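Here the UniProt record's numbering is used: the first residue of the sequence shown is 1, the next is one more, and so on.
All residues carry an ideal CB built from backbone N, CA and C; glycine is no exception.
Quick caveat: nothing in here was measured; it's all calculated off a predicted structure.
Heads up: the structure comes next, in structure tokens.
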Amino acid sequence: MALSLTQKWLSENIGQYTNAQLVYNHVDNALQHLPTLRIRSAVYTYDDGRTMLLLCIHGLLPIKFKGNEYNIPINIWIPKGYAEEPPIVYVVPTSDMLVKVGKTVDHSGRVDVEWTARSGEKARQSTTVDLINNLRERFGVDPPVYAKPRPKSTPTSTHTTPATPTPPRTTTTTQSITSIRATPPPPPPPPPPPQSRRIHQPQPQQPHPPPPPPPPPPPPPPPLSIPPLNILDSDEPPLPTVAAVRPPRPPNPYLLSLHASLHEKLTSSLSSLQTSLSDDADRLRTIQSQLLSGPPAIGDEQSRLNAVKSVCDVVSNRYSEAINQAENNIHLLKRHGEPEVDQLVCSTGIVYNQLVDLIAEDNAIEDTIYHLHRALCTAQTPMDLDKFLRHTRILAEQQFMKRALVEKIQQGLPHRVW
């Protein structure tokens, strides 16, 4: 059966694991078990500061809590020593969630999985599917996250409070202007009628007016029938027009000085930054030229190393042949067995044996003369001088003859022996 893209990607990224096939089987089973999970590779930072590129199973874990279904975002990190090392599970709350600290969940969202209580062969029997099912059961009893509390109505009313007085003031101004417009210019109206109109007009506009006084005889509809656009025909300018032509606010001199100082600092910093960037550009161009000249040098060095390698191969073959020959000689000597003592001491020819005997006798005569001299000088009972001279003369004559014969034999031997 053809592999899916996820399976192909997974098979290409598990080479760094000790039990690669086990990791592949467990991760693939987990992805097929829950379609809401995905696989990716990311850098994980351990508590001791080590960073390592690990596989991470991430996604939503569906659970049932009090008859309702919820999705818990989790990350399951697969360590290099899986399955001897347990997976590392984290709850990853969204922006509208908070971690619920409990017996198995800490402040960072890490979950204490039951995998840590197993070791050896038992750890190999555990799978990621078992871990996921266990997490679903535990989270179904005690969810690891909860929704952030929504902001109360008090902040909202606080924000709207400054804007609330504005409509009454605007309405009052409009009502006053309307009252002025409704009153004929020549005979000014008495104070009570304008007050009654001000009271009747806010009632249909304000949602929560204060308790009104007793209603006056005129009904409310007549003031509402007055078109507001006629306010422009009034002799007195309306209050909103006065507010609109208010002179502009003068700029803050302290703010202007801050802007000037900031502009000066930015200008000076820009010049130094340009100089620094120019130096960096020159340095980078130099490095680029060096890097471009690198391939030819690398090629020359590679050819030289190839020549050295060929010479080393020849020498290695030569030493291999010598070692093989020595091993063959060793096997041959082992098959022949231990040689006799005479074969080791005696030579292969008569002349050589005679030469060995003469050299041995010469050394024996020399030792004899030495001991005679000690007997003459250091012995407790010194040797007679006449006997010493007689024996020494006889031994010296014999030694002379033997040395002469040795020299003659050496002259007759081929030079390669010596």
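Residue range of the alpha helix (DSSP H) that includes residue 404: Your numbering for residue 404 matches position 404 in the sequence shown. Element bounds for residue 404: 385-412.
Residue 93 to residue 131 span [Cα, whole Å]: Sequence index remark: in the sequence shown, residue 93 carries index 93 (1-based). Sequence index remark: in the sequence shown, residue 131 carries index 131 (1-based). When the Cα atoms are used, residue 93 and residue 131 turn out to be separated by approximately 19 Å.
Cβ-Cβ distance between residue 136 and residue 62 below 9 Å: Locating residue 136 in the sequence shown gives position 136, where the first residue counts as 1. Locating residue 62 in the sequence shown gives position 62, where the first residue counts as 1. The criterion of a C-beta distance shorter than 9 Å is satisfied by residue 136 and residue 62.
Presumed contact (8 Å Cβ cut-off) between residue 141 and residue 100, rounded CB distance: Taking the sequence shown and counting its residues from 1, one reaches residue 141 at position 141. Taking the sequence shown and counting its residues from 1, one reaches residue 100 at position 100. Rounded to the nearest angstrom, the Cβ distance from residue 141 to residue 100 is 12 Å, too far for a contact under 8 Å.
Bridge partners - residue 51, DSSP secondary structure assignment: One-based indexing of the sequence shown puts residue 51 at position 51. BP columns for residue 51 point to 45.
Three-state secondary structure assigned by DSSP to residue 221: By one-based count along the sequence shown, residue 221 stands at place 221. Unreliable placement is indicated for residue 221, whose pLDDT of 48 sits below 50; no coordinate value is reported for it.
Bridge-paired residues (DSSP) for residue 65: Looking up residue 65 in the sequence shown gives position 65. Beta-bridge pairing links residue 65 to 68.
Stretch-stretch touch, CB-based, cutoff 8 Å, three pairs: the segment 377-386 with the segment 342-355: Result no; under three Cβ-Cβ pairs closer than 8 Å.
Nearest candidate by alpha-carbon position, reference residue 394, set 37, 21, 365 and 30: Within the sequence shown, numbered from 1, the residue matching residue 394 stands at position 394. The shortest Cα separation from residue 394 among 37, 21, 365 and 30 belongs to 365.
Between the CA atoms of residue 315 and residue 296 - distance to the nearest angstrom: Residue numbering aside, residue 296 sits at position 296 when the sequence shown is read from its first letter. Residue numbering aside, residue 315 sits at position 315 when the sequence shown is read from its first letter. Cα to Cα, residue 296 sits roughly 29 Å from residue 315.
Contact belief for residue 6 with residue 31 at Cβ below 8 Å, rounded distance in angstroms: The residue you call residue 6 lines up with position 6 of the sequence shown. The residue you call residue 31 lines up with position 31 of the sequence shown. About 6 Å separates the CB atoms of residue 6 and residue 31; that is less than 8 Å, so the two are in contact.
Residue 335 (DSSP reduced to helix, strand or coil): Translated into positions along the sequence shown, residue 335 becomes position 335. Here residue 335 sits in helix by DSSP.
Candidates 304, 79 and 139, of which the one nearest residue 19 by Cα: Numbered from its first residue, the sequence shown carries residue 19 at position 19. Taking only the C-alpha atoms, the option nearest residue 19 is 79.
Spatial distance of residue 138 from residue 4 (CA atoms): Taking the sequence shown and counting its residues from 1, one reaches residue 138 at position 138. Taking the sequence shown and counting its residues from 1, one reaches residue 4 at position 4. One alpha carbon belongs to residue 138, the other to residue 4, and they sit about 32 Å apart.
Identity of the residues DSSP links to residue 77 by a beta bridge: On the sequence shown, position 77 is the one that residue 77 refers to. Checking the DSSP bridge columns, you'll see residue 77 partnered with 56 and 88.
Status (buried if at least 16 other CB within 10 Å, exposed otherwise) for residue 260: Indexing the sequence shown from 1 puts residue 260 at position 260. Per the 10 Å Cβ criterion, exposed.
Spatial distance of residue 368 from residue 402 (CA atoms): In the sequence shown, counting from the first residue as 1, residue 368 sits at position 368. In the sequence shown, counting from the first residue as 1, residue 402 sits at position 402. Going by the C-alpha atoms only, they are around 15 Å apart.
Residue 105, buried or exposed, once every other Cβ within 10 Å from all chains shown has been counted against 16: Locating residue 105 in the sequence shown gives position 105, where the first residue counts as 1. With 16 or more other Cβ atoms inside 10 Å of its own Cβ, residue 105 counts as buried.
Separation of residue 397 from residue 374, as counted between CA atoms: Residue numbering aside, residue 374 sits at position 374 when the sequence shown is read from its first letter. Residue numbering aside, residue 397 sits at position 397 when the sequence shown is read from its first letter. Straight-line Cα distance between these residues: approximately 20 Å.
Distance between residue 84 and residue 122 (C-alpha atoms, nearest Å): Within the sequence shown, residue 122 is the residue found at index 122, counting from 1. Within the sequence shown, residue 84 is the residue found at index 84, counting from 1. Bear in mind that the predicted position of residue 122 carries a pLDDT of just 49, short of 50, making it unreliable; the figure below should be weighed with that in mind. Each residue's alpha carbon lies about 9 Å from the other.
Nearest residue (CA-CA) to residue 42, options 52, 109 and 407: Indexing the sequence shown from 1 puts residue 42 at position 42. Minimum Cα distance to residue 42 is reached at 52.
Residues that DSSP places opposite residue 364 in a beta bridge: By 1-based counting over the sequence shown, the position of residue 364 is 364. Beta-bridge pairing links residue 364 to no other residue.
Between the CA atoms of residue 98 and residue 26 - distance to the nearest angstrom: As a first step, residue 26 is located in the sequence shown; it is residue number 26 there, counting from the start. As a first step, residue 98 is located in the sequence shown; it is residue number 98 there, counting from the start. Residue 26 and residue 98: Cα-Cα distance of roughly 30 Å.
Limits of the alpha helix (DSSP H) - the one that residue 2 falls within: Residue mapping note: residue 2 aligns to position 2 of the sequence shown, counting from 1. From DSSP, residue 2 is part of no alpha helix (DSSP H); its letter is neither H nor E.
8 Å contact criterion, which residue 59 and residue 36 should meet: CB distance rounded: For the purposes of this step, residue 59 is taken as residue 59 along the sequence shown, with counting starting at 1. For the purposes of this step, residue 36 is taken as residue 36 along the sequence shown, with counting starting at 1. In this structure residue 59 touches residue 36 by the C-beta definition: roughly 5 Å separates them, less than 8 Å.
Through-space distance from residue 306 to residue 108, alpha-carbon basis: Mapped onto the sequence shown, residue 108 falls at position 108. Mapped onto the sequence shown, residue 306 falls at position 306. Each residue's Cα considered, the two are about 57 Å apart.
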